[in-house]
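Worksheet: the structure to be examined is printed underneath.
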Amino acid sequence: MKRETGSRVRPATPADLPALLALDRGAPTAARWSEADYRRLFAEAGRVALVIEDGSVQGFIVGRDLGPEWEIENIVIASAAQGRGLGTRLVQELLKLAQTQGAQAVFLEVRESNRAARALYATLGFVESGRRKSYYRNPDEDALVYKKSLPRALGKAVEGAGGV
Ligand SMILES: CC(C)(COP(=O)(O)OP(=O)(O)OC[C@H]1O[C@@H](n2cnc3c(N)ncnc32)[C@H](O)[C@@H]1OP(=O)(O)O)[C@@H](O)C(=O)NCCC(=O)NCCS
């Protein structure tokens with residue numbers, strides 16, 4: 005794969021809302037949140053949202069800090085920027101943050117048919133750990149649960165991120 009080099013990951017701010025919504029609307033397999041859902045990201049404790057920029061915002065990831073376990077709630081890379089390693093970078097940064105905050109594992113749910121996302125998570129060491137029957141609607145589909153156990157913290161995470 006051709007890997008990106010000039011991108012930057014930073015915490016999302018309310019000024020990123022239009023970009024987050026546009027990315028969401030352009031991705032049929034994303035979590036598809038409402039504008040109110042995205043606004044809540046900046047009002048609720050325990051939510052972590054990062055964006056990746058390469059000139060402009062090309063993607064985002066949203067995580068939830070549940071103490072010893074974190075959850076990846078949403079991730080989208082602009083379709084024109086997919087396949088360049090940006091999604092990998094965002095997940096890695098979130099894992100690093102979770103690790104530095106003392107999390108022991110990160111979970112997520114993904115549509116069974118979402119091959120790209122499942123391959124991304126498998127590449128990063130997530131393992132399938134369960135199935136939620138008919139978890140998704142429109143269309144009705146099972147969710148697969150993926151889990152990655154984290155070693156003790158080593159690296160430094162994105163500056164200023166966490167508790168957005
Ligand atoms: C899933 C998603 C975030 C991946 O982001 P990305 O930047 O394209 O991923 P990367 O370039 O970092 O690719 C990482 C790995 O994912 C896998 N992958 C990515 N796109 C893929 C595709 N279209 N088909 C199969 N595997 C794919 C590959 O294993 C790849 O590693 P490799 O190229 O070294 O083999 C992106 O496709 C996306 O935004 N999809 C729409 C929204 C969505 O479905 N979100 C997930 C909800 S759970």
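The sequence shown: position 118 = 122 (our numbering), numbered continuously.
Note that beta-carbon positions come from the ideal geometry of N, C-alpha and C, so glycine has one too.
query, result
"In chain order, what are the residue ranges of uninterrupted beta strand (DSSP E) at least 3 long that sit wholly in the region 47-121?", "51-58, 60-70, 73-81, 109-115"
"Would you grab the beta carbon distance between Gly67 and Leu98 for me? Rounded to a whole angstrom, and I think it's under 8 angstroms.", "5 angstroms"
"Taking its Cβ as the centre, do 16 or more other Cβ atoms sit within 10 Å of Arg93, making it buried, or is it exposed?", "buried"
"So what's Leu128 in DSSP terms, helix, strand or just coil?", "coil"
"Drop a sphere of 10 angstroms on the beta-carbon of Pro32, count the other beta-carbons inside from all chains shown, and report buried for 16 or more, exposed for fewer.", "exposed"
"Using a threshold of 8 angstroms, state whether the C-beta atoms of Leu148 and Val95 are closer than that.", "no"
"Out of Leu21, Glu116, Ser153, which has the shortest C-alpha to C-alpha gap to Ala40?", "Leu21"
"With 16 other CB atoms within 10 Å as the buried threshold, where does Asn142 fall?", "exposed"
"By how many angstroms is the C-alpha of Val80 removed from the C-alpha of Gly91?", "8 angstroms"
"What do you reckon, is the C-beta of Arg119 under 7 angstroms from a heavy atom of ligand 3?", "With respect to ligand 3, the structure shown offers nothing to examine, as its ligands consist of ligand 1."
"If you measure between the beta carbons of Asp69 and Val52, is that distance less than 8 angstroms?", "yes"
"Quick one: measure Cβ to Cβ for Asp146 and Arg136, integer angstroms, because I've assumed they're closer than 8 angstroms.", "6 angstroms"
"Across the region 115-123 and the region 99-106, are there enough close Cβ pairs to call them in contact, namely three or more that are closer than 8 angstroms?", "no"
"I'd like the list of long-range same chain contacts for Thr17, defined as Cβ closer than 7 angstroms, with 5 residues on each side in sequence excluded.", "none"
"Nearest by alpha-carbon distance to Asp144: which of Lys152, Ser153, Arg115 is it?", "Arg115"
"Identify every residue that forms a DSSP beta bridge with Glu145.", "Tyr140"
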